[in-house]
Every structure is written in structure tokens, then in C-alpha cells.
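UniProt numbering applies: residue 1 is where the sequence shown begins, and numbers increase by one.
Where a beta carbon is used, it is the ideal one built from N, C-alpha and C, also for glycine.
Inspection log for the structure reproduced underneath, given as C-alpha cells.
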Amino acid sequence: MIQYIIDQLNGGDLNFKDSDITVLDLGTGNGHFLFQLNSDLEEEYEGSQKFHFTGIDYSPDSVAFCQKIAETRDLQGFEFKQVDLLKPDQSFLSNKFNLLVDKGTLDAIALNQEPLVEFDGRTGMEVYAEQIVQMMNADSKLLITSCNFTESELIKVITQKTNLRVWGKIDYPSFEFGGVKGATICSVVFSLS
């Protein structure tokens, strides 16, 4: 995912109008993805834009852990917040980000098929994309990696009730079994149409 982002920024099709690029990690966990992305961008990114990194997680312990790492390493441009994407009317969702990255959060949400009272009995998987869209602007990109959904299933879940459309994808090595070709993981980039 990181190499794809860097390649797309360096001469690829990922162009943002803003001089400061904001990156949101949806379900940041221990923050490793953002810390590694920052490090690799410093080494490989050829542009003059500045990056600001935000990681959100529903776990307050995760957020505190990430904040401690950023503080210990004296990293600038990082912010970590406790946010539960499955709660309505959150002020955080009014923030806009250029690049939103999900490396397994939708997979985890989809494991729980219990109806959410706050969303008229729909499941977390059914409201996920609607919540994410609130944090996107016209040139935002949403990069989702899944090991639970096929590419076509992921596209259906994300585009079904939103104005999100496929913008790109990461190609992974594939295999064929029983005449069907596939991969163990899929990564799709979405943008607003």
C-alpha cells in the first residue's frame, strides 16, 4: 500500500490541489502504517508538498499508545484521535482528508452483523461507506485493502449507497483454482463521482 501511494504521488495519477496533504488512517491500531508511510515518504517522495497524518481508532488505549510513540520519537505532523465510525453525529466526521486508508477496519466491522439501532437496524458494514464519505472532498481518495472481500464484493459494499466510484486498484500476484482466478488480498481506490 505504501509503495503504491508513493508511486502514485511520484508521477502517477494521485494529485492533490492542496499544498499540505492530509492522510487519515482508519483504524490506526499501533500507528505503524502512518509512521512507516512518513518514513518512506521522506526517503522516496519527490514532491514539495507537506504531509499531515491522522490516525483514528475506537480504542482509547490504541490512541494513547500511538500518541506516546509519536511523542517519544519527537514526530511532528501526527495526530491520533479516538473515533468510533459506527456512531452517528460525530463532529470528527466533518474533517476533510485528501487520502483515507483502511487496511482492515472494514474487514473487522463486517465480522459483526448485529443491527445498529442508531442506524435504523443496518449493520456496520452497511453504514461504513456513508460515514467515510463525510470526511472526503472532491479530490479525496479512499484506499481500502481487504482479505475478507473479493474485489467485486468490496466494490459493491462501498459503492452501493454512496457516490463513490472505483478510481484505481493495486495489482497483486494471483492464483487459479477450479478455473477461477483470484488473489488472497485486494486493494481498491475510490473517489467521489
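Using beta-carbon positions only, say whether Gly-27 and Asp-61 come within less than 7 Å of one another.
no
Determine, using beta-carbon pairs with one atom in the stretch 44-53 and one in the stretch 110-126, whether at least three such pairs fall under 8 Å.
no
DSSP three-state call for Gln-3: helix, strand or coil?
helix
Is the Cβ-Cβ distance between Val-127 and Thr-162 less than 7 Å?
no
Residues near Lys-156 in its chain [Cβ-Cβ closer than 6 Å; skip 5 each side]:
none
Mind checking whether Ile-158 and Leu-164 have CB atoms under 7 Å apart?
yes
Check Val-63 in the structure and name its three-state DSSP category.
helix
Under 7 Å between the Cβ atoms of Phe-53 and Val-23?
yes
Could you give the DSSP three-state label for Asp-84: helix, strand or coil?
coil
The ligand PLP heavy atoms versus the CB of Ala-70: any closer than 6 Å?
Here there are no bound small molecules, and the ligand PLP is not part of this structure.
Contact between the stretch 99-112 and the stretch 63-70 is defined here as three or more beta-carbon pairs at a separation below 8 Å; is this criterion met?
no
Integer-rounded CB distance, given that Ser-191 should sit under 8 Å from Ser-146
The Cβ separation is near 18 Å, so there is no contact.
Could you pull the DSSP bridge partners for Val-117 from this structure?
Answer by DSSP bridge pairing: none, since Val-117 is not bridged.
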